[in-house]
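Those letters in the sequence shown? Residues 103 to 341, per the working numbering, in order.
Beta carbons are placed, not taken as given, at the ideal position from N, Cα and C, and that holds for glycine.
Beneath this line is the structure, given in structure tokens, with notes to follow.
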Amino acid sequence: MEILITFLRLVLLSMVPFVLASQGTMLGGRTGIFNVAQEGIMLLGASLGFLVSYQVGNNFVGMLAAMAAGALFGLLLAYFTTTLKMNQFVIGLALFFIGVGLSTLLPKLIIGITLSPPLIPTLPEVSIPLLSQIPVLGPILFQQNGLVYFSILLSLVLWYFLYRTQRGLELRAVGENPMAADSLGINVVRARYWTAILGGALIGLAGAYLPMVYTGTFTEAMTRGRGWLAIALTFFGGW
103 MEILITFLRL VLLSMVPFVL ASQGTMLGGR TGIFNVAQEG IMLLGASLGF
153 LVSYQVGNNF VGMLAAMAAG ALFGLLLAYF TTTLKMNQFV IGLALFFIGV
203 GLSTLLPKLI IGITLSPPLI PTLPEVSIPL LSQIPVLGPI LFQQNGLVYF
253 SILLSLVLWY FLYRTQRGLE LRAVGENPMA ADSLGINVVR ARYWTAILGG
303 ALIGLAGAYL PMVYTGTFTE AMTRGRGWLA IALTFFGGW
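Written as structure tokens, this is what we have:
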């Protein structure tokens with residue numbers, strides 16, 4: 103039983119970057135912006151999140167930095183594809199390569215090349231009172247780090263927002279038929295900008311999760327294709 107509990111806890115730990123990145127992809131996709139730069143944004147988020155956490159000594163500030171970097175990439179994607187009407191796939195690939203390059207360059211510029219990589223403290227577990235004492239389910243669901251709880255809550259909030267609110271209906275209309283949405287007075291450009299920015303922030307946070315939970319440090323290409331898998335999961339989930 104202990105082996106099963108440990109396995110299921112690790113499954114929840116491992117799902118977080120996929121949940122965050124796929125939700126970020128889904129947000130932009132719902133308004134017609136298809137982002138293929140996830141891998142690069144996640145790597146940049148991992149690199150920048152680690153560097154800021156290491157320099158400042160605060161993981162939360164590192165997460166904010168990773169989200170800011172992802173939001174900036176989302177803004178650039180929206181600007182080039184929505185305002186300048188450029189090809190989404192081409193711009194996404196360009197941002198992917200920029201993210202990969204910066205993720206490798208920044209640690210060398212800020213920390214330098216070292217024999218042993220510097221470490222940051224990983225996120226602590228947060229046990230929910232009473233619920234964490236439930237046999238079997240308690241250790242699996244209610245003794246996790248804060249980002250596990252956040253990713254689960256985020257999924258529920260986004261589902262409710264998109265399918266149970268007027269604003270969510272408007273965002274879906276922008277992606278399904280932008281001309282019809284515009285004729286109804288919905289600001290298509292603004293909707294695409296905001297979803298691209300928020301989606302990019304979530305993807306950046308997904309990258310920051312890796313050094314802050316898994317390793318305590320940043321290594322090159324540490325996402326190991328998780329960004330590309332997030333795109334596949336978004337398609338598999340039907341957006």
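Between Glu141 and Gly329, the CB-CB gap stays under 7 angstroms.
The criterion of a C-beta distance shorter than 7 angstroms is not satisfied by Phe320 and Ser155. Each residue's CA atom was taken as its position, placing Gly147 and Ser253 some 17 angstroms apart. In this structure the region 310-320 touches the region 157-171; the number of beta carbon pairs closer than 8 angstroms is three or more.
Burial check for Pro241: the Cβ neighbour count within 10 Å reaches 16 or more, so the residue is buried. In the three-state scheme derived from DSSP, where H, G and I count as helix and E and B as strand, Asn279 is classed as coil. Here Thr206 really is in contact with Glu322; their C-beta atoms are around 5 angstroms apart, less than 8 angstroms. Under DSSP, Gln245 forms a beta bridge with Ser229. Leu307 and Val315 have their C-alpha atoms roughly 12 angstroms apart. Between Gly172 and Ala334, the C-beta gap is not smaller than 7 angstroms, which leaves the two residues out of contact. Pairwise C-beta distances place the region 129-144 in contact with the region 177-193, as three or more of them are shorter than 8 angstroms. Around the Cβ of Tyr295, a 10 Å sphere holds 16 or more other Cβ atoms; the residue is buried. For the 7 angstroms CB-CB criterion, Gly201 and Val138 do not form a contact. Taking the C-beta atoms as reference points, Leu221 is found no nearer than 7 angstroms to Gly134. Membership of Tyr311 in the alpha helix (DSSP H) is indicated by the continuous run 290-311.
In the three-state DSSP reduction, Gly318 falls in the coil class, being neither helix nor strand.
Secondary structure at Ala323: coil, using DSSP grouped into helix, strand and coil. Excluding the 5 residues flanking it on each side, Phe191 has same chain C-beta neighbours closer than 8 angstroms at Phe136, Val138, in chain order. Leu271 has its alpha-carbon roughly 7 angstroms from the corresponding atom of Tyr265. If you draw a straight line from the Cα of Val238 to the Cα of Ile107, it comes to about 7 angstroms. Excluding five sequence positions before and after Val228, the CB atoms of its chain that fall closer than 6 angstroms to its own CB belong to Gly248, given in chain order.
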